[in-house]
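Reviewing the structure listed below.
Residue numbers (UniProt numbering): 1 to 434.
Right, dumping it as structure tokens:
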């Protein structure tokens with residue numbers, strides 16, 4: 001049965017791609033349907049079918065998910081050229097064009113494969129490695145070759161013992177190693193990774209190349225392998241679906257979901273939503289954004305989580321904004337769902353603004369938030385909504401209860417939907433988000 005697929009022209013960082021097909025055209029899977037406009041990425045038909053509509057936002061294709069592996073291949077070329085033609089972007093959520101990263105040179109440097117699965121609940125990267133890590137491993141070697149790196153590191157949380165064991169059985173190049181990470185948020189953030197793996201703390205405005213390193217998400221590297229070896233463009237995305245679903249208690253991983261698939265259709269395919277819910281979010285609980293059931297899968301979609309209904313908050317509410325989590329605008333959106341007016345907002349003392357975006361001076365290592373909590377109390381807050389990392393939340397919880405300030409976290413409704421511990425005062429040996 002044919003379905004409508006909506007392929008957004010903007011799939012990551014940069015301008016929207018420029019359509020190169022017309023309405024009524026017949027396209028095969030892998031057909032280039034839009035080309036990058038400067039900083040951006042080419043877009044390819046994720047299913048065979050007919051172009052129904054072309055707008056300034058998207059190309060609509062009526063087609064059917066192919067049960068075979070056939071696709072139109074990209075032009076021949078070196079590693080960088082193939083990655084560019086394939087339309088690969090950072091598939092961990094950042095969406096930065098991968099060919100630009102691979103055009104850099106870091107002689108003697110390190111390429112880090114980010115398989116940290118930084119956010120709670122997300123599971124698709126580890127599921128891929130546990131099933132078959134070879135594409136990720138080969139993608140890392142191609143990336144190292146392209147940038148002239150001397151070392152490759154696959155960063156995985158130590159709790160993922162099966163994934164680590166699988167990696168160690170297939171790594172046969174002594175330039176490549178596995179680095180085991182703690183299970184604390186935001187382990188996996190690129191500057192935190194470089195700090196933990198290489199012992200170098202970059203300033204918030206520094207690029208990874210300043211540490212002679214490049215960080216690439218593990219799924220991104222698997223797509224690099226596919227582009228180089230098979231000529232396969234980006235046609236699909238690996239996803240986690242979780243939360244308040246009928247008959248489901250654990251995250252579900254779906255591999256190779258066609259780009260442009262409607263979110264509501266995917267959720268129905270795994271059982272549908274179980275009764276009342278709070279919202280549907282994409283991405284992990286910390287950095288999520290709200291979506292509708294009519295939104296679609298993109299190259300950067302990592303997860304879809306159906307949350308529990310929101311608890312009511314005692315008003316007025318004070319916000320403590322963290323660079324490692326939800327923006328102030330997103331927190332206000334959550335506060336509205338909790339039925340509470342916002343009386344004041346404070347930033348984590350480690351948060352600094354870089355090109356209009358908050359960055360943390362030292363991700364996951366917090367200097368304490370007592371003064372921020374006291375300011376919010378003085379401003380009239382009767383409860384708090386925080387978005388802090390594990391360490392930062394500990395410092396909030398050391399004071400807020402003494403001031404009779406109930407604390408809510410932006411991740412609460414998602415974590416409750418999975419019966420996971422809430423982010424409050426956590427000790428390292430208690431943190432085990434699945």
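From the three backbone atoms N, C-alpha and C, an ideal C-beta is built for every residue, glycine too.
Item: For residue 63, write down the residues that DSSP places opposite it in a beta bridge.; Value: 3 and 49
Item: Take residue 220 and list the residues in its own chain whose beta-carbon comes closer than 8 Å to its own, dropping the five residues that flank it on each side.; Value: 88, 89, 90, 91, 92, 98 and 139
Item: Exposed or buried, what is residue 421 when buried is set at 16 or more other beta-carbons lying within 10 Å of its beta-carbon?; Value: exposed
Item: What's the C-alpha gap between residue 291 and residue 343?; Value: 26 Å
Item: For residue 11, name the three-state secondary structure that DSSP assigns.; Value: coil
Item: Roughly how many angstroms separate the alpha carbons of residue 265 and residue 425, rounded to a whole number?; Value: 38 Å
Item: Whose CA, out of 153, 245 and 347, lies closest to the CA of residue 366?; Value: 347
Item: Can you tell which of 143, 141, 196 and 137 has its C-alpha closest to the C-alpha of residue 169?; Value: 137
Item: Which residue from 38, 5 and 52 puts its Cα closest to that of residue 21?; Value: 52
Item: Give a single yes or no on whether residue 388 has its beta carbon closer than 7 Å to a heavy atom of the ligand HEM.; Value: Absent from the structure shown: the ligand HEM. Ligands present: none.
Item: Assign residue 249 to buried or exposed, taking buried as 16 or more other Cβ atoms, counted over all protein chains shown, within 10 Å of its Cβ.; Value: exposed
Item: What would DSSP say about residue 288, mapped onto helix, strand or coil?; Value: coil
Item: Given this structure, state the Cα-to-Cα distance separating residue 370 from residue 108, to the nearest angstrom.; Value: 43 Å
Item: Just the C-alpha distance for residue 156 and residue 240, rounded to the nearest angstrom, thanks.; Value: 18 Å
Item: Would you list the one or two residues that DSSP bridges to residue 360?; Value: 351
Item: For the alpha helix (DSSP H) containing residue 174, list its first residue and its last residue.; Value: Neither: residue 174 is in no alpha helix (DSSP H) and is coded neither H nor E.
Item: Of all the options 387, 349, 39 and 238, which has the alpha carbon lying nearest to the alpha carbon of residue 330?; Value: 387
Item: Touching or not, the region 275-288 and the region 407-421, by the rule of three or more beta carbon pairs under 8 Å?; Value: yes
Item: Determine the burial state of residue 125: buried for a count of at least 16 other Cβ atoms within 10 Å of its Cβ, exposed for fewer.; Value: buried
Item: In chain order, what residues of the same chain have a beta carbon less than 7 Å from the beta carbon of residue 235, not counting five sequence neighbours either side?; Value: 29, 30, 44, 46, 71, 258 and 259
Item: Taking the alpha helix (DSSP H) that residue 392 falls in, what are its first and last residues?; Value: 390-397
Item: Can you check whether the CB of residue 121 is closer than 8 Å to the CB of residue 334?; Value: no
Item: Which partner residues of residue 180 appear in the DSSP bridge assignment?; Value: 156
Item: Pairs of beta-carbons, one from the region 217-233 and one from the region 162-177, closer than 8 Å: are there three or more?; Value: no
Item: Roughly how many angstroms lie between the CA atoms of residue 225 and residue 192, to the nearest whole one?; Value: 26 Å
Item: Shortest alpha-carbon distance to residue 119 belongs to which of 187, 81 and 133?; Value: 187
Item: By how many angstroms is the C-alpha of residue 261 removed from the C-alpha of residue 364?; Value: 35 Å
Item: What residues are listed by DSSP as bridge partners for residue 189?; Value: 187
Item: I need the straight-line Cα distance from residue 3 to residue 67, nearest angstrom please.; Value: 14 Å
Item: In the DSSP assignment, find the alpha helix (DSSP H) that holds residue 267 and state where it starts and stops.; Value: 263-269
Item: Rounded to the nearest angstrom, how far is the Cβ of residue 309 from that of residue 86, given a contact under 8 Å?; Value: With a Cβ gap of about 41 Å, residue 309 and residue 86 do not count as contacting.
Item: Thinking residue 385 and residue 405 are a contact (beta carbons under 8 Å), I'd like their distance in whole angstroms, please.; Value: The pair is not a contact, with the Cβ atoms about 11 Å apart (cut-off 8 Å).
Item: What separation, rounded to the nearest whole angstrom, lies between the Cα atoms of residue 324 and residue 23?; Value: 42 Å
Item: Using only CA atoms, which one of 351, 94 and 276 lies nearest to residue 300?; Value: 94
Item: Could you work out which residue in 14, 198, 123 and 338 is closest to residue 253 when comparing CA atoms only?; Value: 123
Item: Helix, strand or coil for residue 100? Go by DSSP, reduced to three states.; Value: helix
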